[in-house]
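Just remember that our numbering sits 3 ahead of the position in the sequence shown, which is counted from 1.
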Amino acid sequence: MTSGTQDEYKRYVLLFFVVAQLMVAKLGVNCHPQCLDARPPFRASSVSFCPAYKDHGCCMPHQDKQLKARFDRIRLLVPASEKQLWTDCENYVKTFLCEECSPYAAHIFDAEQISYGTVPKPRAFPGLCRGYCGEFFTKCKHIVKYYMNEVGSDYMEEASKLQSAITVGEEKFCNETHLVDLDYCYPGLLTNPILIGNISIDKVSQEGCLCMEPFDKVKFRNPIFLKHANDGSKRMFIGEQIGIVHIMYPDGRRITPPFLDISADIQSSSYKGDERGMLGMAFHPNFSQNRKFYIYYTPSITEYEQQQTSADHKTRIEEFQVSADNPDQVDYSYHRIILEVYGFYWNHNGGEVW
């Protein structure tokens with residue numbers, strides 16, 4: 004096998020593992036706790052309306068109070084002539100509202116569903132498991148009108164669909180409220196071993212413990228990776244999601260200007276849950292000799308590409324080379340696209356280049 008053939012073979016092996024990892028990231032069945040704003044769950048204090056999620060959930064005290072206020076508004080919307088309806092259904096209303104505090108709120112309310120160029124908007128009514136939905140429909144279907152009236156005009160389309168479904172019957176209504184990923188429907192997720200078995204905010208043992216030391220001398224914007232070039236230089240390469248790679252030494256010194264800056268080419272947004280951007284970096288095995296490395300990132304696409312493919316962005320593996328004159332700077336005159344495919348989702352863009 005010639006040297007050129009070996010290089011090509013290595014590239015294909017590299018790409019195989021990248022693509023395989025992307026598929027696993029998208030299709031894996033491990034639990035995925037996520038709040039409505041796409042941030043991770045946390046431990047709250049002074050949560051009184053939805054106490055079930057105070058140890059591991061998504062509501063701060065002020066959000067808990069807001070949910071209580073919404074509960075009261077729904078109660079006031081129910082006319083006196085339907086007092087029994089409220090008596091029978093107020094627990095359902097509270098339960099549904101409090102699911103916004105669940106560590107899986109983003110899934111229960113389908114907050115990950117998004118169309119091109121928009122901010123994710125969760126639905127107002129939670130995803131219900133089929134059996135539970137049937138029980139709710141039989142007993143409390145008429146409370147849906149008041150529940151949806153409270154959320155306002157932003158959810159008129161959803162409210163209309165639910166009301167139309169109610170007139171058709173239970174099957175139609177439950178089809179409207181079901182989730183594509185049934186693992187996250189309520190209340191099944193409360194007893195789903197895949198979900199409840201992976202939630203923990205405490206260290207469970209000392210075995211295999213990796214001790215971390217806080218480092219606050221230098222601030223970074225959503226750092227995604229920390230790499231070394233295996234060249235004996237002791238340089239640490241820290242990549243920010245916005246598309247900038249910095250060089251830092253163990254003593255905290257950071258080299259300026261940045262090692263790499265492709266932020267102008269990055270497709271991302273200011274939304275906290277946006278998982279697009281610069282996602283990975285790998286150095287060539289012979290980096291010390293050829294100065295080559297690879298960046299995995301999501302560049303923006305043109306309006307024409309979006310119309311033709313319905314894609315949200317592109318996923319790209321690109322080869323770069325360090326300047327021959329300055330080992331702390333990229334030679335921007337050299338770059339080569341190794342792999343480029345269209346991506347259709349703003350989230351689940353994890354993975355790594357090795």
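Just so you know, even glycine gets a beta-carbon here, dropped at the ideal spot from N, CA and C.
Across the set 300, 136, 150, 291, the C-alpha of 136 shows the shortest separation from the C-alpha of residue 191. Note that the C-beta distance between residue 39 and residue 114 is below 9 Å. In this structure, the beta-carbon distance from residue 101 to residue 56 falls below 9 Å. The alpha carbon of residue 133 has as its nearest neighbour, out of 36, 186, 328, 224, the alpha carbon of 186.
Excluding its 5 nearest sequence neighbours in each direction, residue 317 has C-beta neighbours in its own chain below 6 Å: 302, 304, 343, 345, listed in chain order. DSSP lists 251 as the beta-bridge partner residues of residue 257.
Residue pairing for residue 171: DSSP places it in no beta bridge. For the set 329, 354, 309, the Cα lying nearest the Cα of residue 320 is the one of 354. Beta-bridge analysis with DSSP links residue 317 to 345. Assigned with DSSP and collapsed to three states, residue 339 falls in strand.
The residues 320, 322, in chain order, have a CB closer than 6 Å to that of residue 341 in the same chain once the five nearest residues on each side in sequence are set aside. The criterion of a C-beta distance shorter than 9 Å is satisfied by residue 53 and residue 70. A distance below 9 Å separates the beta carbons of residue 147 and residue 166. In this structure, the alpha-carbon of residue 175 lies about 48 Å from that of residue 284.
Nearest Cα to residue 257 within the set 242, 271, 270: 242. If you draw a straight line from the Cα of residue 227 to the Cα of residue 72, it is about 38 Å long.
Leaving aside the five residues that flank residue 230 on each side, the residues in its chain whose CB is nearer than 6 Å to its CB run, in chain order, 240, 284. Nearest C-alpha to residue 110 among 96, 61, 262, 156: 61. In terms of CA proximity to residue 356, 298 leads the group 221, 246, 329, 298. Per DSSP, the continuous beta strand (DSSP E) segment holding residue 286 begins and ends at 281-286.
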